[in-house]
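So the structure is just underneath, and the comments pick up after that.
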Amino acid sequence: MRFYPVSATARDRFVLDRRGPKPLHSPWRHQGVIVEDERTADRQIARAATVFLTGRECPWRCAMCDLWQHTIAEDTPRGAIPAQVGAAREELRGESSPITQIKLYNAGSFFDPHAVPEHDYDEVAVKLAGLARVVVESHPAFVGSRVDRFLGALQRQGAADTTQLEVAMGLETVHPEALDRLNKRMTVDQFASAAEQLRSRGAALRVFLLISPPFVPPAEQDHWLLRSIDVAFACGASAVSVIPTRSGNGALDALAAAGAFRAPRLEDIERSIESALTPRPDRGRIFVDLWDLQRFAQCRHCFEARRARLHAINLEQRVRSRPSCTRCGFGVSS
Ligand code: SF4
Ligand SMILES: [Zn+2]
């Protein structure tokens, strides 16, 4: 693959040069709140909210990432993150069933001080009162003393014993060359070391893995996804979320044109979660990310039934039988 640069800085440039325009966002407004059911580690169903926070762009330039579209170029001003979390909690007050979990996803790293100022930790902790679980996302390189300081802020609110902190980290794939080329500037060993740091601090771990990442040969995708899941659980993950790789960020489209990336189809996503959940001892939960799922579908006649099945698989953590479609032949045995 001669056209894809070898050095990290040249890869940054490759990714940046192919980006489209970046929408403008106010750091004083979050970009949405969704509520969904999620299976918990103790086999219950929790009402979980995800707040899409607005903050400074992540400093990395991963080849598969499109999250920069939801960020701002400047440092997040002090007070903005607590204001966004507070507004989201206000909006969630109208929910008929109480929200017990909240995910604060900032399209970067919660522990990046340019994205979430440390001065705001106490104020954020105030806004998180009463929740059983708080999930934040972070690149492994930011896992360190700021985790302690945020835990300290939760403690000062008296929440240390009642609110479990969970940190979601993207391992993406353990295919060594693909992980290097993704330009995340992280190795599996560095990921494992950050996971160990979380474990020693009593924080739970959620791991993001990619379905059909670039640079992994199509015939090896399933093998490497299963290996990646094994590594995630060996690192102490209580949940693994498998995320279909989305084209459209410029870099992935260039890689697709060069034959280094093939976007997953709905059947690839279905096969991935089916093989991931095919009985093995109870290692932890595996979820398939359903956001924007329609873009991966080819047949509109069976899409809703297939989406509903994947949602049920997430809640039940067992493979269900496939619905059948006479239009496209899905689920129809030959
Ligand atoms: S570290 Fe995460 S948010 Fe940052 S560029 Fe990579 S995938 Fe995107
Ligand atoms: Zn169909």
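Just so you know, the numbering used here puts 1 at position 1 of the sequence shown, and the rest follows in order with no gaps. Every residue, glycine too, gets a C-beta built ideally from N, C-alpha and C.
query: arginine 295 by DSSP, collapsed to three states: which one?
result: helix
Using three-state DSSP, classify glycine 331 as helix, strand or coil.
coil
### Query
Measuring CB to CB, does proline 27 end up less than 8 Å from threonine 54?
Yes.
Quick check for students: name the residue ranges of the alpha helix (DSSP H) that lie wholly in the region 244-306, counting only runs of 4 or more.
Runs of the alpha helix (DSSP H) inside the region 244-306: 251-257, 266-277.
* If you draw a straight line from the C-alpha of aspartate 148 to the C-alpha of leucine 165, how long is it? -> 11 Å
Is it true that the CB of valine 124 sits closer than 8 Å to the CB of valine 85? yes
Taking the alpha-carbon of arginine 283 as reference, which of Ile229, Val242, Leu225 has the nearest alpha-carbon? Ranked by Cα distance from arginine 283, the first of Ile229, Val242, Leu225 is Ile229.
### Query
Among the residues of its own chain, which have a CB less than 8 Å from the CB of aspartate 253, if the five just before and after it don't count?
Arg18, Ser247
Could you please go through the chain and list the residues whose beta-carbon is closer than 6 Å to any non-hydrogen atom of ligand 2? Listed along the chain, these residues meet the criterion: Cys299, His301, Cys302, Cys325, Arg327, Cys328, Phe330.
Practice prompt. On a CA-only basis, which of Ile45, Arg61, Thr40 is nearest arginine 11? Give me that one, please.
Written response: Nearest of Ile45, Arg61, Thr40 to arginine 11, Cα basis: Arg61.
Between phenylalanine 261 and proline 217, is the Cβ-Cβ spacing less than 8 Å?
no
message: I need the DSSP call for tyrosine 105, collapsed to helix, strand or coil.
response: strand
With a threshold of 16 other CB atoms inside 10 Å of the CB of threonine 163, please say whether the residue is buried or exposed. Around the beta carbon of threonine 163, a 10 Å sphere encloses 16 or more other beta carbons of the protein chains shown; the residue is thus reported as buried.
- prompt: Going along the chain, which unbroken runs of the beta strand (DSSP E) with 3 or more residues stay wholly within the region 133-178?
  reply: Along the length of the region 133-178, whole beta strand (DSSP E) runs at least 3 residues long occupy 133-137, 164-172, reported in chain order.
Host alpha helix (DSSP H) of phenylalanine 3 (start-end): Phenylalanine 3 -> no alpha helix (DSSP H), and no H or E assigned at all.
Tell me which residue opens and which closes the alpha helix (DSSP H) that arginine 89 is part of. 80-92
Is any heavy atom of ligand 1 found at a distance shorter than 7 Å from the C-beta of cysteine 342? Nothing can be reported for residue 342, as the shown portion of the chain is limited to 1 through 334.
Query - Opening and closing residue of the alpha helix (DSSP H) in which isoleucine 229 lies - result: 221-234
Are the beta-carbon atoms belonging to leucine 151 and valine 231 less than 8 Å from one another? No, the Cβ-Cβ distance between leucine 151 and valine 231 is not below 8 Å.
ask   = With a CB to CB cut of under 6 Å and the five nearest residues on each side skipped, what residues in its chain are close to histidine 335?
value = Because residue 335 is not part of the residues shown, which for the chain are 1 to 334, the question remains open.
query: So does lysine 127 have its beta carbon nearer than 7 Å to some heavy atom of ligand 1?
result: Lysine 127: no, Cβ never under 7 Å from ligand 1.
Proline 244 to glycine 158 span [Cα, whole Å]:
Between proline 244 and glycine 158, the C-alpha separation is close to 38 Å.
By the three-class DSSP mapping on this structure, what secondary structure does leucine 209 have? strand
| Measuring from the CB of glycine 358, is there a heavy atom of ligand 1 at a distance below 7 Å? | Because the chain in this structure spans residues 1 to 334, residue 358 falls outside the shown range and cannot be described.
- Does ligand 1 have even one heavy atom less than 7 Å from the beta-carbon of leucine 67? Closer than 7 Å to some heavy atom of ligand 1: that describes the Cβ of leucine 67.
Glutamine 69 to lysine 22, Cα distance in whole Å? 5 Å
Mapping DSSP to helix, strand and coil, what is threonine 326? coil
Q. Out of curiosity, what's the CA-to-CA distance linking serine 333 and phenylalanine 191?
A. 42 Å
(request) Kindly list the residues whose CB is nearer than 7 Å to the CB of isoleucine 269, restricted to its own chain and excluding five residues on each side of it in sequence; keep chain order. (result) Ile211, Pro244, Val288, Phe296
Under 7 Å Cβ to Cβ from alanine 239, same chain only, skipping five residues before and after it: list those, please.
Result list for alanine 239: Arg206, Gly284, Arg285, Phe287, in chain order.
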